[in-house]
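Student: So that we are looking at the same thing, I have put the structure below in structure tokens.
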Amino acid sequence: MATTSAAPDTPASRQSYGRGRATGQPLVSQLPFLWALLLGFPAESRASVDTPPHSIKVEGDITLGGLFPIHARGLAGVPCGELKKEKGIHRMEAMLYALDQINSDPDLLPNVTLGARILDTCSRDTYALEQSLTFVQALIQKDTSDVRCSNGEPPIVPKPERVVGVIGASASSVSIMVANVLRLFAGEAVSLIRVWHDFQIPQISYASTAPELSDNARYDFFSRVVPPDSFQAQAMVDIVRAMGWNYVSTLASEGSYGESGVDAFLQISREAGGLCIAQSIRIPREPRPGEFDKIIKRLMETSNARVVIIFANEDDIKRVLEAAKRANLTGHFLFVGSDSWGAKIAPVLNQEDVAEGAVTILPKRASIEGFDQYFTSRSLENNRRNMWFAEFWEDNFGCKLTRPGLKLDSGQRKCTGEERIGKDSPYEQEGKVQFVIDAVYVMAHALHHMLTDLCPGAPGVCSRMDPVDGGLLLKYIRAANFNGSAGTGVMFNENGDAPGRYDIFQYQMSNSTIAGYKVIGQWTNHLRLNVGIHPYCGCFGRRTLATEEMQWPGGERQAPDSVCSFPCGPGERKRMVKGMLCCWHCELCDGYQHLLNEFTCETCPFDTRPTPDRAGCRPTPIIKLEWTSPWAVVPVVLAMLGILATTGVIVTFVRFNDTPIVRAAGRELSYVLLVGIFLTYLITFLMMAEPSVTVCALRRLLLGLGMCVSYSAMLTKTNRIYRIFERGKKSVTPPKFISPASQLIITSLLISAQLLGIFIWFTLVPPHTIIDFEELHPPNPELARGILKCDMSDLSLIGCLSYSMALMVTCTVYAVKSRGVPETFNEAKPIGFTMYTTCIIWLAFVPIFFGTAQSTEKMFIQTTTLTVSMSLSATVSLGMLYIPKVYVIVFHPERNMQKRKRSFKSVVQAATVSTRLSHKASEKQNGDIRGDAERPR
């Protein structure tokens, strides 16, 4: 038969102990006064204490005390209220059943009968204190040494009933009060009373779970067969961690049960680490209207904390669920309930949808079949020893027992006495019956072993056990180790606590209509859930629980999240929220940073870039200008065409080396100039080639050399023409150094200056390659590249070309000065036009080259700009100076005939006349007169 769910410590019954130690201690401090007052009463006045009117007496050789909440707390000053059928009668009958079983067992306490004195605590600690004085009165005796009977004899005082151990109580507040009484007078009341023996009575509770009762220094004679709340708090912490939750709120009913349970949970969670408390809320003992709506509103202030750890009584649990439903938060909160919720239907009645998915805990228990047979067979006839059974009979069957002179009210049914429990009324075994039976058996086993050791072979209790030494009995109790009524081991730790054994339930909705509790695991010192752990891909590898054994709101199989902050994504670091170890903000490691650890981003070394997930660094790709790149194709094509054209001119000049045009162009300097043009085109291929030491050396050598050769030759030519005609104005004697040999020497000297500078550069800084990681280093590291190039900075490149530029400027100056030379005379005019055009090209080059310094395509743009500018310069020189001559040589050979030689004087005269005519023509207003200069013959 299924058992009912029950809390190990009824929260409602603990409310009077809500002030905890603050209220318990003052009451304890008043006990010596209470005892002194009690001992001062006359014997007849103490009769009500010696024989409590509300108790059950079972005769035996050894008497055990029993404390049970037979009645609820009374109202308006009345000590006791209505009868508690399950938590009172069931539990009390379980003790009587256990006594019957023990007394009928020939192997356990042979020849010894266990008796009992059972009291009603009325679910009130102060009333229980008054009742429990019955247990200790036998241990003290008022001093009667000066009292004599009328005949002068000393009085004969009957030996009072002595209780060797107490079974109970149920509520922790009652157990705490009684435990203080059972140990108090050993140290505090000796001066007031004469102690018959050591004042020590062991106590074993079947339902008190307050963690403070584990304090062996304060409650050294207290033991319990149920685990303390600290164990269930540990179990709840384990459940929360197993579900992957790290951000929860707590909710506790005011009083010992709720507050001590939450305190234990908080303490264990702090020690375990990795769990943060969003809010810790206390439900007042007498909540005002709207109090629970305010509680729900407060919980929603930290809405990420969906899990609520709840240590509360049934009424408070129900009202919390109702408030959540009113706030339209069905399915938002995930409750983890203590044993006060357990597997009860009452807290979730009509709130099934709000409670769906709640995980609850309940001490592991079983239904005792023998007790079911015993209790259902009880009747008014065979259970006269239970003074409260008649009251139970009336309440259970809804009838009234008749008594002489008692009239039944209208509508009341008379009890026949033939009613049967379980047949004429519903019956379900109360959840703590197992523990009551186990507590009685612990006492029996302890007494049995004590009897065996102290009274070997004695037929019953010997003098060594009269009275029973409470301290020694406690040792036997703590050493108990046997299989209890449910087949599970019964034992105690050093604090007198039973091992924690819990069933883990989940409240589930089946087919969206039928609700119920389902066992999903157990906890015995560690958690064992009937689930498998599977990775959840949506949470960056976070391990959560997903199984068909569990069901969450909305029919989900995946455990919902209750975390302050979700795991950071790849490449994100945690920035912790101050004071909250489970809360953080995720910040992406930007730029060239990688994730060093979960809290730190670190910049990658200069030659690396972060991996796509920023988990580390990887080498930066190395690039160079490829031949197939559009940046290379155009310069290479221009250079190839230029080389072909230059080669053609050279071949033509060599073929027609002795013709007048070739000779008039100055063969020697023309060949030098053409070689310079050829080298200028050739540098394009070196600039496009993959950098190496050889390539870098050739770049340094040829980059400025080609232009230097060209402009040195042109400068020498323009200088020669300028000097000839300037000298002709003054004298008929030709200037010096105008012969071809002199011209070659001058050109060679100009070129040697460039070569000298290059070789000095080679000596100071040998050519080598570098990989430039700074040039192509954009904000997006995926676009970062290392550029393989020669060790030539922009400044060194300009320095390499600066000498050629100086030659070019000088040549341009001489071209300007020689602008008066007749067009048909020599090459002054073509050289002038060449230099003008070249200057324009290089003036355009400068802003393009330096204006792209910040571009991500800097290397490609600058290389292309440089090579194209050089090719254009060479093309201008080739096109203006030599293409017309080649055209005449090839297509008009008749104009390439030998003419009459002229003297230097005739040449100068012809040039002078031509110059003067040109000046006169420019002075004419209409420009109609055109002077024809006589050509020298």
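Using the working numbering, the first residue of the sequence shown is number 3, and each one after it goes up by one.
Every residue, glycine too, gets a C-beta built ideally from N, C-alpha and C.
Find out if the Cβ-Cβ distance for the pair Arg-308, Ser-567 is shorter than 8 Å.
Tutor: no
Student: Provide the residue(s) that pair with His-587 in DSSP beta bridges, ordered along the chain.
Tutor: BP columns for His-587 point to Arg-577.
Student: From Pro-737, Gly-246 and Asn-248, pick the residue whose C-alpha is nearest to that of Ile-726; which is it?
Tutor: Pro-737
Student: Taking DSSP as the reference, what is the three-state secondary structure of Ser-255?
Tutor: strand
Student: Would you call the CB atoms of Pro-769 and Arg-702 closer than 8 Å?
Tutor: yes
Student: Compute the Euclidean distance between the alpha carbons of Glu-46 and Pro-157, then round it to the nearest angstrom.
Tutor: Any reading at Glu-46 must be qualified, since the residue scores a pLDDT of 38, below 50, and its modelled position is unreliable; no value is offered.
Student: When we look at the beta-carbon of Tyr-889 and count the other beta-carbons within 10 Å, is it buried (16 or more) or exposed?
Tutor: exposed
Student: Among Glu-496, Ser-875, Thr-839 and Leu-766, which one has its Cα closest to the Cα of Ala-219?
Tutor: Put simply, of Glu-496, Ser-875, Thr-839 and Leu-766 the residue whose alpha carbon is nearest the alpha carbon of Ala-219 is Glu-496.
Student: Among the candidates Cys-401, Arg-897 and Asp-240, whose CA atom is the shortest distance from the CA of Val-664?
Tutor: Arg-897
Student: With distances taken Cα to Cα, identify the nearest neighbour of Leu-803 among Lys-819, Lys-791, Trp-844 and Glu-777.
Tutor: Nearest C-alpha to Leu-803: Trp-844.
Student: Thr-332 to Pro-229, Cα distance in whole Å?
Tutor: 33 Å
Student: Quick one: what does DSSP say Phe-373 is sitting in, helix, strand or coil?
Tutor: helix
Student: Report buried or exposed for Asp-127, applying the criterion of at least 16 other Cβ atoms within 10 angstroms of its Cβ.
Tutor: Under this definition Asp-127 is a buried residue.
Student: If I measure Cβ to Cβ from Ala-235 and keep anything under 7 Å in the same chain, skipping five residues before and after, which residues do I get?
Tutor: Gly-263, Ala-266, Phe-267 and Ile-270
Student: Return the chain-ordered list of same chain residues with a C-beta closer than 8 Å to the C-beta of Thr-526, the five sequence neighbours on each side being excluded.
Tutor: Lys-366, Pro-501, Gly-502, Arg-503 and Tyr-504
Student: Are the stretch 420-431 and the stretch 367-383 touching by the rule of at least three beta carbon pairs closer than 8 Å?
Tutor: Proximity of the stretch 420-431 to the stretch 367-383 meets the contact definition, three or more beta-carbon pairs being nearer than 8 Å.
Student: So, His-450 versus Leu-111, is the Cβ gap smaller than 8 Å?
Tutor: yes
Student: Identify the residues that DSSP records as bridge partners of Ala-392: which are they?
Tutor: In the DSSP output, where bridge partners are listed per residue, Ala-392 has none listed.
Student: Looking only at DSSP bridge pairs, what is Ile-64 linked to?
Tutor: Leu-116
Student: Who are the Cβ neighbours of Ile-312 in its own chain at under 6 Å, not counting the five residues just before and after it?
Tutor: Leu-253, Phe-337 and Gly-339
Student: For a quick check, are the C-beta atoms of Arg-620 and Tyr-594 less than 8 Å apart?
Tutor: no
Student: Hey, would you say Thr-771 sits closer than 8 Å to Leu-790, going by beta carbons?
Tutor: Taking 8 Å as the cut-off, the beta carbon of Thr-771 is found closer than this to the beta carbon of Leu-790.
Student: Among the candidates Gln-205, Ile-64 and Cys-151, whose CA atom is the shortest distance from the CA of Ser-174?
Tutor: Gln-205
Student: Can you look up Met-302 in the DSSP assignment and give me helix, strand or coil?
Tutor: helix
Student: What residue range is occupied by the uninterrupted alpha helix (DSSP H) comprising His-447?
Tutor: 435-456
Student: Let me make sure I understand the geometry here. Which of Ser-820, Ala-481 and Ile-773 has the alpha-carbon closest to that of Met-445?
Tutor: Ala-481
Student: Taking the Cβ atom as the reference point for each residue, do Leu-675 and Met-716 lie within a distance shorter than 8 Å?
Tutor: Closer than 8 Å, so yes.
Student: From the DSSP output, in three-state form, read off Val-892 for me.
Tutor: In this structure, Val-892 counts as helix in the three-state DSSP scheme.
Student: Strictly under 8 Å for the Cβ-Cβ distance: is Glu-358 near chain B by that measure?
Tutor: You won't find chain B in this structure, because it holds only one protein chain.
Student: Across the stretch 404-419 and the stretch 457-465, are there enough close Cβ pairs to call them in contact, namely three or more that are closer than 8 Å?
Tutor: no
Student: Just confirm the distance between the C-beta atoms of Gly-788 and Asp-774, as a whole number of angstroms; I'd bet it's less than 8 Å.
Tutor: 7 Å
Student: Give the DSSP-derived three-state secondary structure of Gln-756 in the structure shown.
Tutor: Gln-756 falls in the helix class under three-state DSSP.
Student: Tell me the residue span of the beta strand (DSSP E) that contains Lys-791.
Tutor: 787-792
Student: Is the CB-CB distance between Ser-177 and Phe-224 below 8 Å?
Tutor: yes
Student: Would you mind stating whether Ala-96 and Ile-439 have Cβ atoms separated by less than 8 Å?
Tutor: yes
Student: Could you compute how far the alpha carbon of Pro-623 sits from the alpha carbon of Pro-781?
Tutor: C-alpha of Pro-623 to C-alpha of Pro-781: approximately 16 Å in a straight line.
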